[in-house]
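Remarks on the structure that follows.
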Amino acid sequence: MALIKPISDLRNKSQEISTLAHSVDEPIFITKNGEGDLVVMSISHYRKLQHKLDLLQKLSVAEALRHRGDEGKLA
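The sequence shown begins at 0 in numbering that gives the first Met the number 0 and counts up by one.
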């Protein structure tokens with residue numbers, strides 16, 4: 000379930016937001032005037048997402064090469 004907090008909590012309860020971000024290891028959506036504005040997450044969660052993105056990009060390149068018929072043979 001998505002965690003949603005108002006931007007006032009970021010200002011008034013920053014330690015609580017930090018603790019929550021580390022304990023649930025998922026993003027917290029911050030709203031401003033009832034609309035989505037920011038996403039807050041722990042550094043470890045951010046790094047995990049970056050690692051997944053890197054792997055997906057490498058898989059995408061490998062899949063494109065496979066479809067092209069290039070199986071990584073060295074010239």
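Think of the CB as a built atom: it goes at the ideal place given N, C-alpha and C, for glycine as much as any other residue.
This one's a predicted model, so the numbers in the text were calculated from it and none came from an experiment.
Local Cβ density within 10 Å of residue i, reported as buried at 16 or more and exposed below that
i: Val60; result: exposed
i: Val38; result: exposed
i: Ile6; result: exposed
i: Ile29; result: buried
Start and end residues, beta strand (DSSP E) containing residue i
i: Asp36; result: 34–39
Same chain, Cβ closer than 6 Å to residue i, neighbours up to 5 away in sequence not counted
i: His21; result: Ser41
Extent of the continuous alpha helix (DSSP H) run through residue i
i: Lys4; result: First-last for Lys4: 2–5, but that is the beta strand (DSSP E), not the alpha helix (DSSP H).
i: Lys31; result: Here Lys31 belongs to no alpha helix (DSSP H); instead the beta strand (DSSP E) covers 27–31.
i: Asp53; result: 42–67
Own chain residues within Cβ distance below 8 Å of residue i, not counting five before or after
i: Glu15; result: Asp8
Cβ neighbours of residue i in the same chain (closer than 7 Å, five flanking residues each side left out)
i: Gly35; result: Phe28
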